[in-house]
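In terms of the working numbering, the sequence shown opens at residue 1 and continues consecutively. Here a beta-carbon is modelled for each residue, glycine too, at the ideal position from N, C-alpha and C. The structure appears below as structure tokens.
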Amino acid sequence: MKEQNIRLQIGNLWNGLMESVDHINRGQADIILRSEEILMETDTAIRELKKIVNHHKFEDWAEEIHFFKNTKPQFVAIYIYYSKILLIEASRPFADAAALLSYYENERINLLFFYNENKDFINYYRRKSTFLDKKYFVRFKFDFKLKLSPELYSYDLDFSTSHDHIVAQIIANDLLEQYLSDKINLESKAGSSLTEVKKLEWTASKVALTELLYALHQSNSFNAGQAELSEIFRWAEKAFNISLGNYHKTLGEIRIRKTERSKFLNLLQQNLNQHLDDLDM
Numbered sequence: 001m002k003e004q005n006i007r008l009q010i011g012n013l014w015n016g017l018m019e020s021v022d023h024i025n026r027g028q029a030d031i032i033l034r035s036e037e038i039l040m041e042t043d044t045a046i047r048e049l050k051k052i053v054n055h056h057k058f059e060d061w062a063e064e065i066h067f068f069k070n071t072k073p074q075f076v077a078i079y080i081y082y083s084k085i086l087l088i089e090a091s092r093p094f095a096d097a098a099a100l101l102s103y104y105e106n107e108r109i110n111l112l113f114f115y116n117e118n119k120d121f122i123n124y125y126r127r128k129s130t131f132l133d134k135k136y137f138v139r140f141k142f143d144f145k146l147k148l149s150p151e152l153y154s155y156d157l158d159f160s161t162s163h164d165h166i167v168a169q170i171i172a173n174d175l176l177e178q179y180l181s182d183k184i185n186l187e188s189k190a191g192s193s194l195t196e197v198k199k200l201e202w203t204a205s206k207v208a209l210t211e212l213l214y215a216l217h218q219s220n221s222f223n224a225g226q227a228e229l230s231e232i233f234r235w236a237e238k239a240f241n242i243s244l245g246n247y248h249k250t251l252g253e254i255r256i257r258k259t260e261r262s263k264f265l266n267l268l269q270q271n272l273n274q275h276l277d278d279l280d281m
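Dropping the structure here:
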């Protein structure tokens with residue numbers, strides 16, 4: 001009866017977490033903010049899971065093994081997965097499709113270090129073996145002849161076994177590999193699309209482009225206002241294959257104009273309004 005009760009509690013906790021994750025993913029477009037919110041929800045769920053376990057005495061080794069081999073790793077995997085996404089996306093360079101493709105490919109290669117480091121246990125886990133479960137997934141039953149994490153004694157030993165965290169990492173890395181594969185496919189398509197588009201040449205003056213870019217920056221038109229001015233100018237130089245030189249000096253020259261400081265922007269407004277007026281005729 002006790003076992004059924006704890007499984008019901010944990011099942012409700014898991015369902016609640018999944019509903020929260022789904023709600024956040026559907027409601028928040030920014031992957032960094034999304035990951036932060038999910039991490040907070042997952043942290044709360046894991047703390048609640050720990051309370052449940054602390055107030056429960058496992059009836060036998062089979063129940064304890066099931067919890068630390070199957071149940072707890074599912075919760076912790078969500079936390080590891082979104083922690084890694086947060087780190088990857090917060091560190092993502094502001095770059096073109098080719099550079100981003102290389103960035104995501106390197107992140108996927110990094111996963112191989114974990115797989116190589118833990119290949120024996122991963123083989124055991126993926127083959128659904130059970131003959132070492134009492135050593136891997138029962139608390140206070142560490143076998144020092146087996147490979148153990150050097151951080152073992154940093155864990156809460158009442159809530160940890162020698163290998164449940166590695167199971168969580170396996171699950172998280174499987175999810176992350178799919179995430180990175182999707183990103184790589186997306187950037188590959190973006191790179192292909194860019195090569196198919198006819199290159200555009202900026203034929204107005206460099207001063208005019210500088211004036212336009214400053215105006216767009218001051219209007220928070222790139223990355224919701226989070227893009228640095230230098231990033232915007234690097235992007236424009238690459239997109240139009242043009243060197244804008246010392247754009248701070250150019251802005252100074254624009255600033256001291258005696259008439260029409262925003263000459264190019266005024267021209268754009270004039271031409272657009274004229275075109276709209278012509279359409280109304």
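| Check | Outcome |
| --- | --- |
| Cα-Cα separation, I256 to A227 | 26 Å |
| Residue closest to I166, alpha-carbon to alpha-carbon, out of E48, R7 and F75 | F75 |
| Beta-carbon proximity check, E37 vs I46, cutoff 8 Å | no |
| Short Cβ contact (8 Å threshold) for F137 with K57 | no |
| Where R7 falls: helix, strand or coil (DSSP) | helix |
| Three-pair Cβ contact test at 8 Å for the region 172 to 180 versus the region 212 to 230 | no |
| As assigned by DSSP and simplified to three states, the class of Y104 | helix |
| Limits of the unbroken alpha helix (DSSP H) element including I254 | Y247 to R255 |
| Cβ distance (whole Å) where R108 is taken to contact L180 below 8 Å | 4 Å |
| Alpha-carbon spacing of L112 relative to A204, whole angstroms | 49 Å |
| C-beta atoms of Y103 and R92 nearer than 8 Å | yes |
| For K141, three-class secondary structure by DSSP | coil |
| Where T71 sits in the DSSP three-state scheme | helix |
| Per-residue burial, L8 [other beta carbons within 10 Å of its own, 16 or more giving buried] | exposed |
| Distance between N116 and S162 (C-alpha atoms, nearest Å) | 18 Å |
| Buried/exposed call for E64, threshold 16 Cβ in 10 Å | buried |
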